[in-house]
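>
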Amino acid sequence: MNKKELFDAALNAVVNGAPHRLKLIHVTSDMFSCYSFMSVSWGMIADIVEALFKIVHPKTCRGKLYYLPYGNDVDGDDDFHDNGVEVDEQDVVSLHCEKCKFNPKSMAKWRCIDDEFLFVHASYLSHISENTLFMPVASLNDHSIYLTYMLGKDASKWNVFKFLWNLKTGDHLTFPFVKVIPVVAFCMQPADEGNVIMSVDGEEKKVDNHLYAHVSEIQAAIMT
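In my numbering, the protein residues as written are -13 to 210.
Below is the structure:
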């Protein structure tokens, strides 16, 4: 697309496009605070440039994944997989997640997965690139964060290859070793503290202790 075509497309979107609300995710850590519109990643997907190399040499990340399920009840939904165990309020507060705006009584609904992960990827849009359908059920303003993860014990070379090969079509989510949980908030706490690399909207971020994110009350508006 040349400059004139790009200008015409942008002008047409402004004149004839319809505004749509876009959910924003407030992301905080001990080293930064920002708003995100696309995704947060830890592990393989956070460094997707090296993904092909990691098929041969899969590297896992040890840590805890805390999350608050969307609607506080995912056990009855066969479309999603929940391996977490419930944690009490003190566990969550100890992670410095008190910025969460939910009722403190709901903290008992938080869950935790303490394991080795190949990756953890929190997505809020259907596509992470023009030709990569990562989360088909996601919409612009559905108030959900879709946590997707693969455990280290499932990270065989063949499984990693199948996951990457099917990213364009969305079929990567059909494999039993890929878990998806709709949530409204989550907190990732690496076991190895100090300069852990995560990704927010494709930009590398250093995390020293933990990263916390929740659906924000602030929204953006886009023209489509």
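For every residue, glycine included, the Cβ atom is placed at its ideal position computed from N, Cα and C.
#1: Beta strand (DSSP E) containing Trp144: first to last residue?
#2: Would you say His129 and Lys45 are within 9 Å of each other, going by their C-beta atoms?
#3: Sort Lys(-11), Ile204, Tyr198 by Cα distance to Ser27 and report the nearest one.
#4: Counting Cβ pairs, one atom from each stretch, are 3 or more of them under 8 Å apart for the stretch 143 to 161 and the stretch 176 to 196?
#5: Our contact map puts Leu54 next to Ala171 with C-beta atoms below 8 Å; I'd like the distance itself, whole angstroms only.
#6: Evaluate contact between the stretch 158 to 171 and the stretch -7 to 7, counting only Cβ atoms and requiring at least three cross-stretch pairs below 8 Å.
#7: Would you kindly work out how many angstroms separate the C-alpha atoms of Val169 and Asn117, rounded to a whole number?
#8: Please report the distance separating the alpha-carbon of Phe(-7) from that of Lys143.
#9: List the endpoints of the continuous beta strand (DSSP E) containing Glu190.
#10: With 16 other CB atoms within 10 Å as the buried threshold, where does Thr155 fall?
#11: Would you call Pro122 buried or exposed, if buried means 16 or more other Cβ atoms sit within 10 Å of its Cβ?
#12: Relative to the C-alpha of Ala124, which residue among Arg48, Val106, Asn(-2), Phe23 is closest?
#13: Between Leu153 and Leu119, is the Cβ-Cβ spacing less than 9 Å?
#14: Can you list, in chain order, the residues of its chain with a C-beta nearer than 6 Å to that of Ala(-1)? Leave out the 5 residues immediately preceding and following it.
#15: Would Val18 be called buried (16 or more neighbouring beta carbons within 10 Å of its own) or exposed?
#16: Could you give the C-beta distance for Lys165 and Tyr135, rounded to a whole number, given that I count them as a contact under 8 Å?
#17: Name the one or two DSSP bridge partners that Ser109 has.
#18: I think His107 touches Ile11, with their Cβ atoms under 8 Å apart; what is that distance to the nearest whole Å?
#19: Using alpha carbons as the reference points, say which of Ala141, Arg7, Arg48, Lys139 lies closest to Met174.
#20: What's the gap between the Cα of Phe105 and the Cα of Leu(-3)?
#21: Tell me which residues share the same chain as Asp59 and place their Cβ nearer than 8 Å to its Cβ, disregarding the 5 neighbours each side in the sequence.
#22: Applying the criterion that 16 or more other CB atoms from any shown protein chain within 10 Å of the CB defines a buried residue, is Ala141 buried or exposed?
#23: Please return the same chain residues whose Cβ sits closer than 6 Å to the Cβ of Glu102, not counting the five positions on each side in sequence.
#24: Whole angstroms is fine: what's the gap from Ala207's alpha carbon to Ser115's?
Checking against the coordinates, here is how it stands:
#1: Taken as a continuous stretch (DSSP letters only), Trp144 belongs to no beta strand (DSSP E), being part of the alpha helix (DSSP H) at 143 to 151.
#2: No, Cβ-Cβ distance for His129 and Lys45 is not below 9 Å.
#3: Minimum Cα distance to Ser27 is reached at Tyr198.
#4: In short, these stretches do not touch, since the Cβ pair count stays below three.
#5: Contact between Leu54 and Ala171 holds, since their C-beta atoms are separated by about 4 Å, short of 8 Å.
#6: Too few Cβ pairs lie closer than 8 Å, so no.
#7: Computed Cα separation, rounded: 25 Å.
#8: Roughly 45 Å separates the two Cα atoms.
#9: Counting along the chain, the beta strand (DSSP E) containing Glu190 begins and ends at 189 to 193.
#10: The residue in question, Thr155, is exposed, as its Cβ has fewer than 16 Cβ neighbours within 10 Å.
#11: By the beta-carbon neighbour count (other beta carbons within 10 angstroms, threshold 16), Pro122 is exposed.
#12: The candidate whose alpha carbon is nearest that of Ala124 is Phe23.
#13: Taking a C-beta distance under 9 Å as the contact criterion, Leu153 and Leu119 qualify as a contact pair.
#14: Closer than 6 Å at the Cβ level, and outside the excluded window around Ala(-1), lie Met209.
#15: Val is not the amino acid found at residue 18; the sequence shown has Phe there. It counts as exposed.
#16: Contact flag correct, Cβ pair sits at about 5 Å.
#17: Answer is Ser25, Tyr132.
#18: For His107 against Ile11, the beta-carbon gap comes to about 13 Å, at or over 8 Å, which does not count as contact.
#19: Checked all of Ala141, Arg7, Arg48, Lys139; the closest Cα to Met174 is Arg48.
#20: Rounded to whole angstroms, Phe105 to Leu(-3) spans 39 Å at the Cα level.
#21: With a pLDDT of 47 at Asp59, under the threshold of 50, the predicted position of this residue should be treated as unreliable, and no value is reported.
#22: Counting Cβ neighbours within 10 Å, Ala141 comes out buried, since at least 16 surround it.
#23: These residues qualify, in order along the chain: Thr46, Arg48, Gly138.
#24: Straight-line Cα distance between these residues: approximately 20 Å.
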